[in-house]
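Novice: One structure, pasted below without further comment.
There are 2 protein chains.
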Amino acid sequence: MALTLKAMTYFTTALRHGNIAKAAAELNIAASAISAAIDQVEAEFDLTLVTRQRARGIQANASGRAVARKCIRLLDDYQSLLSEGGELKQSLSGTLRIGYYAPIAPAFLPQIFDAFLPEGTNVTLELEECDNDQAQDGLMNGKYDAILFVAEDARPAIAYDPLIEAHPYCLLPVAHPLARQSVVSMADLAQEPLVVLNRPVAAAYYDGLFRTGARDAPVAAYATSTEMVRSLVAAGRGCAILNMCPRTSETYSGEKVVARPISDDLAPLTLAVGYDKTRPRRSVQDFVNACRSHFAKSGPARCVVGR
Amino acid sequence: MALTLKAMTYFTTALRHGNIAKAAAELNIAASAISAAIDQVEAEFDLTLVTRQRARGIQANASGRAVARKCIRLLDDYQSLLSEGGELKQSLSGTLRIGYYAPIAPAFLPQIFDAFLPEGTNVTLELEECDNDQAQDGLMNGKYDAILFVAEDARPAIAYDPLIEAHPYCLLPVAHPLARQSVVSMADLAQEPLVVLNRPVAAAYYDGLFRTGARDAPVAAYATSTEMVRSLVAAGRGCAILNMCPRTSETYSGEKVVARPISDDLAPLTLAVGYDKTRPRRSVQDFVNACRSHFAKSGPARCVVGR
DNA sequence: AAACAACATCAGAAAATCAGAGGTATCGAT
DNA sequence: ATCGATACCTCTGATTTTCTGATGTTGTTT
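Spelled out as structure tokens, the structure:
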């Protein structure tokens, strides 16, 4: 690897000028460095490529010109490698891979994408629903560019921006008596059968919520998907406590549910976006920014139920 | 130019192994060098390309794999540049450009080419007739790979191998009285009209030859080509003194000439092959060798007239 | 002959590279 | 839970490479 890109650059520049001194001036280095580079190239091929005529500059012979052509080609390829690499960082094109532990992400993610992906950008989205740990694994090993996850369960190595604190709320069938209240309390719920979202982080969280308040009624159902929880609630199976909520009150089953804030001071869950903060690709950074500004606004698009 | 070929090599090797230590072993360098190279590549693109998981090696993310692909491509191109360069030196293919100041070169060059160019080699010959100075210029500035020229007029910078000493001989019409002698002397020629080859080096040389011996007869003709001299001689215009001679006694005019050695001790001209001795391409070296062995043999193929 | 232009060479300085030691995180087995 | 193996990171000093600037040489031009 004696023939470095630098040597090739010097070599081709010198040939282009036909003059070592001029090349040195252009490259802002000493002429001797150019001369040495030419020596290197010749040594590498063990060929005389250039005739050096004192007081008349240098001139490449046929072999020299052939080598120079190839070198120029390689340097061009190198430049395009660099700029393509730059585009990897700069451009919005490419693939944006997002893992999310946020079952109601469909409620807001499309809107976020709309905000930072103008029409015509050819970004391919890869969206993968997963649990909090998988998301963090995926972020660390490069599977995901960014993750939406619950910050309370964040590992120290994960860099993230909090997006929103989602306080738990109560999901009720429309016909439920509590639905007539604008706010419900944990005490209100003590008698209610519950439909519990049984997902890694969520299960422990809900468990924590109820450890304080006494529970009389049994758990009516465990479900591993948010929509199942919602549909069970809509069908009157019980109430549920959730943190984020879609923008529709209608469930897959066609029936409706009602969301009511909880008056008790319960620990919220923080939705956060995790990503590589040290060197984010532009599209990743844009996505993060879009997430932040999305949740910075108030309104139903934030998918939380305020007290 | 922070991203060197070396760094790319280390980077791609590390990714291929998914393991810095293994890559270091393969490349016979310290692991820290690999790690530094990866840092360099990432810094160059200002992107995280690799996730380093202690005790589990390294893993490229999508960007890393993309960059690696491009790097591998570039390194391949680099390798082929090197090997093509090697072929420039090694192979017999390519172009062999020869300038010659030897008007009778057609008498022997084809035979020389036969000797070192086996059938099927795709060497393109570029043969250019020129004068001694042009030949040397062309050799120095890379226009010619090798030159056939007169060594007496060689510049110090030109490296050459003498091929043959060509003593002057006398060219006579077949019907000329002197043609009956097996040898002629300068004195014999003093009375004869001369046909003089009027070419840069030759003119001075012949001038020198006659400065010593007295000349009575005028110069019958000056001609700038050997064949014209021969034809003029054949036509009886006069005699000529030349150094090398073709293998035919017939001239373009269809008439014949006779060559006779000169008994006087006159300075010969040395036919030499000039070339770049420091780094000859293989085909050039082969050509030179073929020239030497051609003129090392005795016989009419040497194109001289012996006493 | 003198002035000028341009490459060659060399020594020392600056920079890059590398090896090796020591440290730390992770995983798996005990 | 602890220990050992693995594998990456960081730091330091040595080595190698590269560069500069001065000086020398050569060839051209006036």
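So the sequence lines, in the order shown, correspond to chains U and Y.
Quick note: the first sequence, position 245, residue 245 per full-length UniProt numbering, numbers continuous.
Quick note: the second sequence, position 15, residue 15 per full-length UniProt numbering, numbers continuous.
Each residue gets a CB set at the ideal place from its N, CA and C atoms; glycine is no exception.
Computed from a prediction, not measured in an experiment: that's the story for all the values here.
What are the residues in the stretch 123-147 of chain Y lying within 7 Å of chain U by C-beta distance?
Specialist: Those residues of the stretch 123-147 of chain Y that come within reach of chain U (Cβ to Cβ, closer than 7 Å) are 140, 141, 142.
Novice: Is residue 246 (chain Y) helix, strand or coil when you go by DSSP?
Specialist: As a first step, residue 246 (chain Y) must be located in the second sequence, where it is residue number 246. It is coil, neither helix nor strand.
Novice: Given that residue 42 (chain Y) touches chain U, what residues does it touch there, using C-beta distances under 8 Å?
Specialist: For the purposes of this step, residue 42 (chain Y) is taken as the residue at position 42 of the second sequence. Those are 279, listed as they occur along chain U.
Novice: Flag this pair as yes or no: are the beta carbons of residue 392 (chain Y) and residue 75 (chain Y) separated by less than 9 Å?
Specialist: Lying outside 1 to 307, the shown extent of chain Y, residue 392 (chain Y) is not represented and no answer is given.
Novice: Can the beta-carbon of residue 296 (chain U) be found less than 9 Å from the beta-carbon of residue 160 (chain U)?
Specialist: As a position in the first sequence, residue 296 (chain U) is number 296, starting the count at 1. As a position in the first sequence, residue 160 (chain U) is number 160, starting the count at 1. No; because the gap between Cβ atoms is not below 9 Å, this pair is not in contact.
Novice: Check the C-beta distance from residue 245 (chain U) over to residue 195 (chain U) and give it rounded, since I have them as a contact under 8 Å.
Specialist: Here residue 245 (chain U) is taken as the residue at index 245 of the first sequence, counted from 1. Here residue 195 (chain U) is taken as the residue at index 195 of the first sequence, counted from 1. In fact, because the Cβ distance is near 14 Å, the residues do not count as touching under 8 Å.
Novice: Where do the ends of the beta strand (DSSP E) carrying residue 259 (chain U) lie?
Specialist: Residue numbering aside, residue 259 (chain U) sits at position 259 when the first sequence is read from its first letter. Here the beta strand (DSSP E) through residue 259 (chain U) covers 257-261.
Novice: Alpha carbon to alpha carbon, how far is residue 81 (chain Y) from residue 2 (chain U)?
Specialist: Residue mapping note: residue 81 (chain Y) aligns to position 81 of the second sequence, counting from 1. Residue mapping note: residue 2 (chain U) aligns to position 2 of the first sequence, counting from 1. Going from the Cα of residue 81 (chain Y) to the Cα of residue 2 (chain U) covers about 13 Å.
Novice: Give the single residue among Y:285, Y:305, Y:304 whose Cα lies nearest to the Cα of residue 147 (chain Y).
Specialist: Residue 147 (chain Y) sits at position 147 when you count from the first residue of the second sequence. That would be Y:285, whose Cα lies nearest to the Cα of residue 147 (chain Y).
Novice: Taking residue 5 (chain U) as the query, report the chain Y residues whose CB atoms sit under 7 Å from its CB, ordered along the chain.
Specialist: As a first step, residue 5 (chain U) is located in the first sequence; it is residue number 5 there, counting from the start. Correct list: 1, 4, 5.
Novice: For the alpha helix (DSSP H) that residue 268 (chain U) lies in, which residues bound it at each end?
Specialist: Within the first sequence, residue 268 (chain U) is the residue found at index 268, counting from 1. Taken as a continuous stretch (DSSP letters only), residue 268 (chain U) belongs to no alpha helix (DSSP H), as it is neither H nor E.
Novice: Just mark residue 252 (chain U) as buried or exposed, buried being the case when its beta carbon has 16 or more other beta carbons within 10 Å.
Specialist: Stepping through the first sequence from its first residue, residue 252 (chain U) is reached at position 252. Exposed, because fewer than 16 other Cβ atoms sit within 10 Å of the Cβ of residue 252 (chain U).
Novice: If we count the other Cβ atoms within 10 Å of its Cβ and call it buried at 16 or more, is residue 308 (chain Y) buried or exposed?
Specialist: It is not possible to answer for residue 308 (chain Y), since the shown part of chain Y is limited to 1 through 307.
Novice: What does DSSP give as the partner residue(s) for residue 173 (chain U) in the beta ladder?
Specialist: One-based indexing of the first sequence puts residue 173 (chain U) at position 173. Answer is U:257.
Novice: Counting contacts by CB-CB distance shorter than 9 Å, is residue 116 (chain Y) in contact with chain U?
Specialist: Here residue 116 (chain Y) is taken as the residue at index 116 of the second sequence, counted from 1. For residue 116 (chain Y), the answer is no, since every Cβ of chain U falls outside 9 Å of its Cβ.
Novice: Helix, strand or coil for residue 96 (chain U)? Go by DSSP, reduced to three states.
Specialist: To locate residue 96 (chain U), count along the first sequence from 1; it is residue 96. Looking at residue 96 (chain U) - three-state DSSP - the assignment turns out to be strand.
Novice: Give me whichever residues DSSP pairs with residue 160 (chain U) in a beta bridge.
Specialist: Stepping through the first sequence from its first residue, residue 160 (chain U) is reached at position 160. DSSP, once it has assigned bridges, lists U:274 as partnering residue 160 (chain U).
Novice: Please report whether the beta-carbon of residue 62 (chain Y) lies at a distance below 9 Å from any beta-carbon of chain U.
Specialist: Here residue 62 (chain Y) refers to the residue found at position 62 when the second sequence is read from its first residue. Yes, contact with chain U.
Novice: Could you give the uninterrupted runs of the alpha helix (DSSP H) lying entirely in the stretch 39-109 of chain U, keeping only those of 4 residues or more?
Specialist: With a minimum length of 4 residues, the continuous alpha helix (DSSP H) runs that stay inside the stretch 39-109 of chain U are 62-90.
Novice: Taking DSSP as the reference, what is the three-state secondary structure of residue 239 (chain U)?
Specialist: Taking the first residue of the first sequence as position 1, residue 239 (chain U) is located at position 239. Correct three-state label for residue 239 (chain U): strand.
Novice: Output yes if chain U places a C-beta closer than 9 Å to the C-beta of residue 88 (chain Y); else output no.
Specialist: Looking up residue 88 (chain Y) in the second sequence gives position 88. By this cut-off, residue 88 (chain Y) is an interface position.
Novice: In terms of residue numbering, what span does the alpha helix (DSSP H) encompassing residue 227 (chain Y) cover?
Specialist: Counting from 1 along the second sequence, the entry for residue 227 (chain Y) is found at position 227. Counting along the chain, the alpha helix (DSSP H) containing residue 227 (chain Y) begins and ends at 226-234.
Novice: When you compare each of Y:274, Y:54, Y:6, Y:176 to residue 235 (chain Y) by their alpha carbons, which one comes out closest?
Specialist: Residue 235 (chain Y) sits at position 235 when you count from the first residue of the second sequence. Out of Y:274, Y:54, Y:6, Y:176, Y:176 has the C-alpha closest to the C-alpha of residue 235 (chain Y).
Novice: Starting from the beta carbon of residue 84 (chain U), find every residue of chain Y whose beta carbon is closer than 7 Å, and list them in chain order.
Specialist: Here residue 84 (chain U) is taken as the residue at index 84 of the first sequence, counted from 1. What residue 84 (chain U) touches in chain Y: 70.
Novice: Determine the direct distance from the alpha carbon of residue 7 (chain U) to that of residue 291 (chain U), and round the result to whole angstroms.
Specialist: Looking up residue 291 (chain U) in the first sequence gives position 291. Looking up residue 7 (chain U) in the first sequence gives position 7. Cα to Cα, residue 291 (chain U) sits roughly 47 Å from residue 7 (chain U).
Novice: Please tell me whether residue 230 (chain Y) and residue 171 (chain Y) are closer than 9 Å, where the distance is taken between their beta carbons.
Specialist: Walking along the second sequence from the start, residue 230 (chain Y) turns up at place 230. Walking along the second sequence from the start, residue 171 (chain Y) turns up at place 171. It is a contact, given that the beta carbons lie within the stated cut-off.
Novice: For residue 263 (chain U) and residue 145 (chain U), I'd like the C-alpha separation in whole angstroms.
Specialist: Taking the first sequence and counting its residues from 1, one reaches residue 263 (chain U) at position 263. Taking the first sequence and counting its residues from 1, one reaches residue 145 (chain U) at position 145. Using only the alpha carbons, I get a separation of about 37 Å.
Novice: Tell me whether residue 154 (chain Y) sits in a helix, a strand or coil according to DSSP, three-state version.
Specialist: Within the second sequence, residue 154 (chain Y) is the residue found at index 154, counting from 1. Coil.
Novice: In whole angstroms, give me the CA-to-CA distance for residue 225 (chain Y) and residue 303 (chain Y).
Specialist: Translated into positions along the second sequence, residue 225 (chain Y) becomes position 225. Translated into positions along the second sequence, residue 303 (chain Y) becomes position 303. If I take the Cα positions, the gap works out to 17 Å.
Novice: Do you know how far the Cα of residue 4 (chain Y) is from the Cα of residue 4 (chain U)?
Specialist: As a position in the first sequence, residue 4 (chain U) is number 4, starting the count at 1. As a position in the second sequence, residue 4 (chain Y) is number 4, starting the count at 1. Distance between the alpha carbons of residue 4 (chain U) and residue 4 (chain Y): 7 Å.
Novice: Could you pull the DSSP bridge partners for residue 221 (chain Y) from this structure?
Specialist: One-based indexing of the second sequence puts residue 221 (chain Y) at position 221. Its beta-bridge partners are Y:195.
Novice: Taking only the alpha-carbon atoms, compute the straight-line gap between residue 306 (chain U) and residue 105 (chain U) and give it to the nearest angstrom.
Specialist: To locate residue 306 (chain U), count along the first sequence from 1; it is residue 306. To locate residue 105 (chain U), count along the first sequence from 1; it is residue 105. Computed Cα separation, rounded: 18 Å.
Novice: Give the single residue among Y:71, Y:260, Y:274, Y:22 whose Cα lies nearest to the Cα of residue 45 (chain Y).
Specialist: Here residue 45 (chain Y) corresponds to residue number 45 of the second sequence, with the count starting at 1. Nearest C-alpha to residue 45 (chain Y): Y:71.
Novice: Any Cβ of chain U within less than 9 Å of the Cβ of residue 59 (chain Y)?
Specialist: Here residue 59 (chain Y) refers to the residue found at position 59 of the second sequence. It does: the Cβ of residue 59 (chain Y) has a partner Cβ on chain U nearer than 9 Å.
Novice: Taking 9 Å as the CB-CB limit, is residue 113 (chain U) close to chain Y?
Specialist: Your numbering for residue 113 (chain U) matches position 113 in the first sequence. No, residue 113 (chain U) lies away from the interface with chain Y (no Cβ there is under 9 Å from its Cβ).
Novice: Using a Cβ-Cβ distance under 9 Å, would residue 47 (chain Y) count as near chain U?
Specialist: In the second sequence, the residue the question calls residue 47 (chain Y) occupies position 47. Taking Cβ atoms only, chain U reaches closer than 9 Å to residue 47 (chain Y), which makes this a yes.
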